[in-house]
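Residue numbers (full-length UniProt numbering): 1 to 350.
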């Protein structure tokens with residue numbers, strides 16, 4: 001199992017470092033006016049939301065549809081009315097907070113070829129839609145995602161550091177798998193676009209809002225995982241545009257609540273220790289110098305395997321290398337989170 005893991009790491013490294021995104025076409029058949037942006041939100045106010053709205057509007061989509069809850073509807077309308085581009089924004093609401101139902105409430109109102117879902121705390125680069133639409137020039141592609149970085153705080157703390165590394169590892173994995181065979185574990189709901197007719201299929205809408213775990217626990221989270229699985233099961237290809245101009249900025253918890261997010265994402269603890277034990281047993285007849293050399297080589301390889309996926313972060317922020325031991329220790333602690341997640345699979349609302 002470990003041999004497979006490390007072989008996969010080597011292959012992924014090569015794939016990640018040689019990845020090239022789908023280039024912008026000279027004569028695109030799709031433009032930003034073919035895109036409707038749907039943003040489910042609860043509060044719909046604050047500086048983060050205002051930045052999301054302004055950067056989305058800057059890309060010049062056909063329109064933006066906001067879906068909140070009834071209790072926040074009038075407040076959100078008041079916020080939108082203050083925008084110079086309020087005529088391009090429509091606001092709707094549902095009775096209770098439920099991201100899947102908020103998304104589906106907006107879908108029948110979309111008239112453009114492409115529907116894009118975005119979270120209410122993302123900041124887009126100006127040309128992100130150009131890069132997303134470039135992938136849709138290939139008719140077999142039904143969904144397109146982007147790469148992500150954490151919005152770095154003025155005074156980053158350990159929680160923010162761990163959150164940044166989480167996104168760094170994710171960028172590494174999805175760029176590698178996309179390059180290898182076009183596969184991706186999940187098109188993140190922070191920003192992902194789809195062909196509208198796929199999402200407006202009544203079968204999709206019903207399945208999306210009636211997904212159950214063990215036949216009795218209705219799932220309200222993991223909307224992006226469901227849509228990604230739908231793309232695969234219905235023979236649509238997916239793609240991730242890993243490129244600086246398609247790189248959004250987002251927020252994650254910068255306090256102990258980050259652990260709650262880790263639990264939601266988790267839903268190996270002894271592997272490295274077992275490797276060290278087996279090495280000790282198989283080299284017990286070696287001289288002490290050779291045994292220590294072998295152990296050092298193994299530990300170095302373990303360190304490299306944990307460091308290589310997050311190398312890009314330390315290139316951008318070299319001072320953070322002092323926190324590398326925190327990342328490694330958290331990796332082992334995260335194993336305990338996975339164990340807890342396994343024994344709490346009936347908790348579907350996190």
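For glycine and all other residues, C-beta sits at the position ideal for the given N, C-alpha and C.
- Taking C-beta separations shorter than 7 Å and ignoring five residues to either side along the sequence, the partners of residue 165 in its chain run 310, 313 and 327, following chain order.
- The beta carbons of residue 188 and residue 145 sit about 6 Å from each other, so the pair counts as a contact at 8 Å.
- Its chain contains 186 as the residues whose beta carbon lies nearer than 6 Å to that of residue 225, once the 5 sequence neighbours on both sides are disregarded; these appear in chain order.
- Less than 8 Å separates the beta-carbon of residue 200 from that of residue 107.
- For the 8 Å CB-CB criterion, residue 123 and residue 52 form a contact.
- For the pair residue 44 and residue 68, the CB atoms are nearer than the 8 Å cut-off.
- Take the alpha-carbon of residue 101 and the one of residue 219: they are about 11 Å apart.
- In the displayed model, residue 304 falls within a helix according to three-state DSSP.
- Within the same chain, 172, 175 and 176 come within 6 Å of residue 16 by CB-CB distance, once the 5 residues on both sides are set aside.
- For residue 40, DSSP records a beta bridge to 67.
- Within the DSSP secondary-structure output, residue 247 pairs in a beta bridge with 147.
- In the three-state scheme derived from DSSP, where H, G and I count as helix and E and B as strand, residue 215 is classed as coil.
- Here residue 287 is exposed. Its C-beta has fewer than 16 other C-beta atoms within 10 Å.
- In this structure, DSSP gives residue 94 an extended state, which the three-state scheme calls strand.
- For the 8 Å CB-CB criterion, residue 182 and residue 238 form a contact.
- Secondary structure at residue 50: helix, using DSSP grouped into helix, strand and coil.
- Comparing C-alpha distances from residue 223 to each of 136, 118 and 293 shows the shortest one belongs to 118.
- Under a 10 Å Cβ-count criterion, residue 277 is classified as exposed, with fewer than 16 other Cβ atoms of the shown protein chains found around its own Cβ.
- For the pair residue 97 and residue 42, the CB atoms are nearer than the 8 Å cut-off.
- DSSP, read as helix, strand or coil, puts residue 110 in coil.
- Residue 81 and residue 318 have their C-alpha atoms some 43 Å from each other.
- For the 8 Å CB-CB criterion, residue 161 and residue 30 do not form a contact.
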